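Per our numbering, numbering of the sequence shown is gapless, rising by one per residue and ending at 319. For each residue, glycine too, the CB sits at the ideal point set by N, CA and C. Predicted, not measured: the structure shown is a model, and the values here were computed from it.
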Amino acid sequence: MTALHAADRGPVPGSWSTAHFPSADVVGRRREIELLLAGLDCGAHVVLEGPPGTGKTTLLRAVAEAGGSPFVFVEGNAELTPARLVGQFDPSQVLAEGYVPATFVDGPLIEALRTGGLLYVEEVNRIPEETLNVLITVMSEAELHVPRLGRVRAADGFRLVAAMNPFDAVGTARISSAIYDRVCRIVMGYQDHEEESDIVARRCPPVPPEWRDRVVDLVRRTREHADVRVGSSVRGAIDVVRLSVSLARIRGGLATEWRIGHDAALAALSGRIGMHESSGRTAESVIDELYTAVFGEESASDDAAGDPPGEA
Ligand SMILES: Nc1ncnc2c1ncn2[C@@H]1O[C@H](COP(=O)(O)OP(=O)(O)OP(=O)(O)O)[C@@H](O)[C@H]1O
Ligand SMILES: [Mg+2]
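Put into structure tokens, the structure is as follows:
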């Protein structure tokens with residue numbers, strides 16, 4: 008027999024499986040979870056690509072916990088120099104002991120390499136070119152040469168998972184040529200209405216489900232409005248609900264009241280949506296328009312509040 012089927016090999020220690028899914032922490036995303044697990048299982052590095060708030064971090068954390076693999080988290084930004092990513096010699100200890108391994112302080116990359124962990128780099132498109140080159144080297148060679156420290160080989164299990172937001176104007180073009188050839192790419196779009204409503208329900212105090220559904224509808228409409236370049240993620244819906252509940256407590260009203268929801272929507276969403284420069288409109292005016300489309304005019308909706316808002 009020449010070919011060995013996966014099933015013949017039996018369980019591989021530390022291999023990635025769907026045994027822990029569906030997870031209590033992740034709503035839906037079955038296909039993306041399967042792809043991520045398969046990518047990690049076959050030794051690939053992965054890019055999770057999607058707008059802010061589409062659950063990239065949530066998914067990766069759940070998968071990392073289920074896989075029992077060490078998880079090293081790095082925020083990608085312009086200050087992430089190679090020294091911060093890789094680690095560096097501690098200058099005061101070097102004075103006393105010299106350039107010996109004991110005086111080297113591991114950065115997140117070395118930590119993940121040594122422990123065979125998952126290195127999760129958020130906003131990878133924002134990191135400086137030279138730092139990106141370090142990641143590319145590690146992906147290609149599964150090891151890193153650090154001056155005066157020597158070679159650090161990737162322990163079994165080391166994987167890089169990078170996240171990026173395709174709407175981000177910073178550095179996305181640069182990434183496409185450099186990294187895509189070495190990774191699997193999993194696209195994370197917005198989830199459907201039902202799943203987003205479920206996410207909001209899990210992250211907020213209890214409110215009437217039909218009102219929560221309308222908040223989700225409002226937020227989803229920001230993504231389709233002709234004047235809006237980037238709409239709000241489900242984070243916006245979570246904040247509208249939370250803010251309404253707190254505002255209702257402060258005002259001695261109900262979260263479902265028109266004016267309370269309206270004020271909460273403006274505060275929670277106006278900073279989150281990006282307008283087309285040519286539109287000439289403000290985020291507030293678009294939110295006001297959409298809020299009225301979903302909840303009706305103020306007096307009309309209050310009069311027509313035949314459906315009791317319930318405990319909020
Ligand atoms: N599928 C999901 N299941 C459960 N919670 C989710 C899901 N998607 C998003 N969320 C919730 O929405 C919020 C945003 O999710 P998360 O931080 O994972 O997004 P992200 O894609 O990593 O965003 P960013 O690009 O800004 O880093 C969190 O509060 C998270 O709990
Ligand atoms: Mg994230």
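Specify the secondary structure class of residue i as computed by DSSP and reduced to three states.
i: Q198; result: coil
i: G157; result: strand
i: D187; result: Before going further, note that residue 187 is Tyr rather than Asp in the sequence given. Helix.
i: D113; result: strand
i: V301; result: helix
i: G259; result: coil
i: H283; result: coil
i: R227; result: helix
i: G74; result: helix
i: L250; result: helix
i: V241; result: helix
i: V33; result: coil
i: V222; result: helix
Where residue i and residue j are concerned, what is the direct C-alpha to C-alpha distance, given to the nearest angstrom?
i: V301; j: G268; result: 11 Å
i: A10; j: V93; result: Only weak support is given to the placement of A10: the predicted model assigns it a pLDDT of 40, under 50, and the value that follows is read from those uncertain coordinates. For A10 and V93, the distance between alpha carbons rounds to 40 Å.
i: A51; j: L125; result: 11 Å
i: R209; j: D220; result: 13 Å
i: V207; j: I245; result: 5 Å
i: D15; j: R37; result: Bear in mind that a pLDDT of 41 at D15, under 50, signals an unreliable position, so the number given afterwards is only what the model happens to contain. Going from the Cα of D15 to the Cα of R37 covers about 26 Å.
i: G278; j: G287; result: 16 Å
i: S239; j: V81; result: 24 Å
i: E291; j: L44; result: 41 Å
i: H283; j: L55; result: 26 Å
i: V70; j: S306; result: 48 Å
i: P115; j: V79; result: 6 Å
i: A26; j: V53; result: 20 Å
i: R189; j: I143; result: 8 Å
i: Y127; j: R258; result: 42 Å
i: S147; j: R227; result: 40 Å
i: T263; j: A255; result: 8 Å
i: A312; j: I280; result: Here A312 scores only 43 on pLDDT, less than 50, and its place in the model is too uncertain to base an answer on.
i: V168; j: G46; result: 10 Å
i: V153; j: E136; result: 18 Å
i: R121; j: L151; result: 11 Å
i: E201; j: G105; result: 60 Å
i: M195; j: S253; result: 31 Å
i: H340; j: T138; result: Outside the displayed range of the chain (8 to 319) lies residue 340, so it cannot be described from this structure.
i: L42; j: G123; result: 20 Å
i: G260; j: F174; result: 38 Å
Let's see if you can read the secondary structure: which residues bound the alpha helix (DSSP H) around residue i?
i: L87; result: No alpha helix (DSSP H) contains L87, which DSSP labels as neither H nor E.
i: E39; result: 37 to 48
i: V321; result: Missing from the structure shown is residue 321; the chain here goes from 8 to 319 and no further.
i: A272; result: 265 to 276
i: G164; result: Where G164 is concerned, there is no enclosing alpha helix (DSSP H), given that its DSSP letter is neither H nor E.
i: V101; result: 98 to 104
Thinking C-alpha only, which one of the options is nearest residue i?
i: R192; options: M171, A208, A69; result: M171
i: R249; options: L120, R266, A26, P212; result: P212
i: R91; options: S99, I134, A71; result: I134
i: D234; options: V168, G196, E296; result: E296
i: L67; options: E203, R166, P173, G259; result: R166
i: V237; options: T64, G60, A119; result: G60
i: R230; options: E72, Y197, A119, V214; result: Y197
Taking Cβ positions, are residue i and residue j nearer each other than 7 Å?
i: I294; j: A275; result: no
i: G164; j: S24; result: no
i: A149; j: A161; result: yes
i: V159; j: I186; result: no
i: V101; j: T110; result: yes
i: G320; j: E130; result: This structure cannot speak to residue 320, because the chain is shown only from 8 to 319.
i: V247; j: V223; result: no
i: V33; j: D205; result: no
i: D97; j: V112; result: yes
i: N140; j: I182; result: no
i: E217; j: V241; result: no
Hey, could you find the ends of the beta strand (DSSP E) residue i is sitting in?
i: E56; result: 52 to 56
i: E129; result: 125 to 129
i: G60; result: Unbroken run through G60: none, as it is neither H nor E.
i: R236; result: 235 to 237
With 7 Å set as the bound, which would you pick, yes or no: does the beta-carbon of residue i sit closer than that to a beta-carbon of chain D?
i: Y298; result: No chain D is present in this structure, which holds just one protein chain.
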